[in-house]
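In the numbering used here, the protein residues as written are 434 to 725.
First up is the structure itself, then whatever we jot down about it.
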């Protein structure tokens with residue numbers, strides 16, 4: 434029972450990061466019907482920004498702010514310079530361009546920083562609190578939960594309670610009608626990419642310091658799990674992205690703890706295949722499709 438509680442808490446903490454990353458994918462998909470396969474490499478680039486700022490200033494928080502700002506700017510730049518120029522009727526073009534961005538970013542980061550793993554500073558201890566003989570949440574786990582919770586609530590408020598959020602939703606559901614009503618659809622799409630870049634940067638900065646460290650490929654596996662979470666929950670559903678992330682984290686925790694860490698990714702893949710066979714649009718997506 435003690436082991437089960439520990440694996441549950443650890444899985445939820447990891448799943449919260451996957452949920453934040455999956456939200457970044459959902460943000461872009463809802464606005465453009467494009468999966469940003471460069472999201473992981475972009476997040477790795479912004480994590481290096483945090484690493485550089487923290488190394489120069491000695492402050493984790495300055496690095497965090499720099500990474501989020503860098504992710505926001507990088508997301509807007511990719512949309513403005515690359516994605517906007519593509520034919521929306523040729524979705525494969527967006528995939529090819531995104532993969533090109535991945536290769537360029539990996540190459541540039543490798544040339545500048547090298548491919549060695551670099552340790553990163555944590556703002557709080559990872560030593561778990563103990564209740565009797567049970568090791569549960571650490572201060573850093575609490576920080577992750579609170580941070581992701583704030584992001585989810587902020588995005589929910591943005592899309593349901595603000596004019597900007599309503600314009601973004603309208604631009605995604607009906608861009609032509611939105612233009613007739615005076616909405617700057619192109620600006621809303623750029624904002625969606627920018628927000629996704631910022632959220633992805635934050636998610637990467639939460640998880641990279643807890644793994645082997647930072648290198649150009651440090652976020653690749655996180656992206657795969659986050660993509661799986663988004664597909665399981667439904668690419669049209671922010672709620673599904675959060676639940677899918679938590680489920681993915683729990684599954685990885687249980688399989689790694691009770692069986693083997695080497696087969697945990699296989700277990701996630703099997704769940705993904707099962708969802709795609711039974712409900713391809715995702716568990717929490719609506720049954721009807723929409724045109725954008």
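Glycine included, each C-beta is placed from N, C-alpha and C at the ideal position.
Whole-angstrom C-beta distance between residue j and residue i, which should lie under 8 Å
i	j	result
residue 629	residue 461	5 Å
residue 436	residue 690	7 Å
residue 439	residue 569	7 Å
residue 484	residue 647	6 Å
residue 509	residue 626	6 Å
residue 514	residue 534	So it is not a contact: roughly 10 Å between Cβ atoms.
residue 557	residue 578	So it is not a contact: roughly 12 Å between Cβ atoms.
residue 634	residue 503	6 Å
residue 603	residue 458	About 21 Å; that fails the 8 Å criterion.
residue 571	residue 562	7 Å
Cβ pair residue i, residue j closer than 9 Å
i	j	result
residue 473	residue 675	no
residue 636	residue 581	yes
residue 555	residue 481	no
residue 442	residue 566	no
residue 643	residue 559	yes
residue 453	residue 682	no
residue 592	residue 666	no
residue 475	residue 538	yes
residue 641	residue 516	no
residue 638	residue 496	yes
residue 624	residue 597	yes
residue 649	residue 543	yes
residue 657	residue 698	yes
residue 600	residue 610	no
Residue i: first and last residue of the uninterrupted alpha helix (DSSP H) it sits in
i	result
residue 702	697–711
residue 539	524–546
residue 485	472–490
residue 512	493–514
residue 596	596–606
residue 673	671–691
residue 664	653–666
residue 624	618–640
Candidates the options: closest to residue i by CA position
i	options	result
residue 465	665, 586, 490, 622	622
residue 468	456, 479, 478	456
residue 546	478, 700, 684	478
residue 715	580, 537, 661	661
residue 500	667, 557, 665, 632	632
residue 471	673, 659, 619	659
residue 700	709, 710, 711, 685	685
residue 584	614, 671, 523, 519	671
residue 463	530, 605, 595	605
Three-state class that DSSP yields for residue i in the structure shown
i	result
residue 439	helix
residue 564	strand
residue 551	strand
residue 647	strand
residue 466	coil
residue 556	coil
residue 694	helix
residue 520	coil
residue 446	helix
residue 586	helix
residue 611	helix
residue 570	coil
residue 716	coil
residue 581	helix
beta-carbon residue i near the ligand FMN non-hydrogen atom, thresh 8 Å
i	result
residue 701	This structure lacks the ligand FMN, and indeed carries no ligand of any kind.
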